[in-house]
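Notes follow the structure.
Numbering (the working numbering), first residue to last: 15 to 218.
Below, the structure is given as C-alpha cells:
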C-alpha cells in the first residue's frame, strides 16, 4: 500500500511540475497503471486538455475510492472548468477522507461559493472558518470568507474578513481601515465586533 501511495505521489509531482514530453516519456501510453494514468491526466489538463482529463478521473477514483487526492483533483478540474456545483460531491468526499488537509477544505469552500445559494454559502462559511483555525494567517481563506459573507448580505462580517485578509498580507493600513469600517457595520459587543477592535488595537 505504501509503495502504491508513493507511486501516486510521484505521478502527481511529475504531472504538475514536469513538461508534457517528460511526462509522456516517464509514463508512456503503454503503461496502464493507476499512477501512469494519473500523471497523464494531470499533464493533459495542464496542457489544455481539460475535458479529456476530466473524463479519465472517474475511472481513477473507482480504482482507488479511498484516495482523497484523486477526488480533490476531480473537484478542482470541475470547478476550474466552470462546473462548481458538480465539484461539490467529490470535494465533500475528499474532505471526509482527509479532514486535516486544509487545502482540500479551502477548495471545497471555494466551490461552495461558486455554486451559490444560501445553503452552500452558509456551508462555505463553516468550512472556511474551520480552515482558518488551522491556518489563521492564510489570506486566501479570509478573502473567500469575505466573498461568502458578502454574498449572504452579511456586510459587517464581509468587511471584517477583508480586514483579516489584509492583515495576513501585512497590508496594515488597509487592515486598520477595514476594521474601523467593520465596527460601524457590526452589532456592538458581538464576537466579530470585538475582533475588529482587536485588529485596531494593533495600531495603538
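Ideal Cβ placement from N, Cα and C applies to all residues, glycine included. Everything numeric in this text was worked out from a predicted model, so none of it was measured.
The alpha-carbon of residue 69 is positioned some 49 Å away from that of residue 212. Assigned with DSSP and collapsed to three states, residue 42 falls in coil, not helix or strand. Comparing alpha carbon positions, the residue from 195, 152 and 218 closest to residue 173 is 195.
Straight through space, the alpha carbons of residue 129 and residue 164 are spaced by roughly 15 Å. For residue 15, no alpha helix (DSSP H) run applies, since DSSP gives it neither H nor E.
Rounded to whole angstroms, the gap between the alpha carbons of residue 27 and residue 65 is 21 Å. Looking from the CA of residue 110, the closest CA among 99, 141 and 38 belongs to 141. The beta carbons of residue 22 and residue 48 sit about 7 Å from each other, so the pair counts as a contact at 8 Å.
Beyond the five residues adjoining it in sequence on each side, residue 139 comes within less than 7 Å, by CB distance, of 159, 162 and 163 in the same chain, given in chain order. Taking all protein chains in view, the Cβ of residue 178 is crowded by 16 or more other Cβ atoms within 10 Å, so the residue is classified as buried. Annotation for residue 104: the continuous alpha helix (DSSP H) segment containing it runs 98 to 111. In this structure, the straight-line span from the alpha carbon of residue 205 to that of residue 193 is close to 13 Å.
Runs of the alpha helix (DSSP H) lying entirely within the stretch 121 to 192, each at least 4 residues long, are 132 to 148, 153 to 165 and 169 to 182 in chain order. Taking C-beta separations shorter than 6 Å and ignoring five residues to either side along the sequence, the partners of residue 127 in its chain run 138, 161 and 162, following chain order. Counting C-beta pairs closer than 8 Å gives fewer than three between the stretch 37 to 45 and the stretch 71 to 86, which falls short of the contact rule. By the neighbour-count criterion, in which 16 or more other beta carbons inside 10 Å mark a residue as buried, residue 170 falls on the buried side. Straight-line measurement puts the Cα of residue 188 at about 8 Å from the Cα of residue 181. Bounds of the alpha helix (DSSP H) holding residue 82 are 82 to 94.
Less than 8 Å separates the beta-carbon of residue 50 from that of residue 25.
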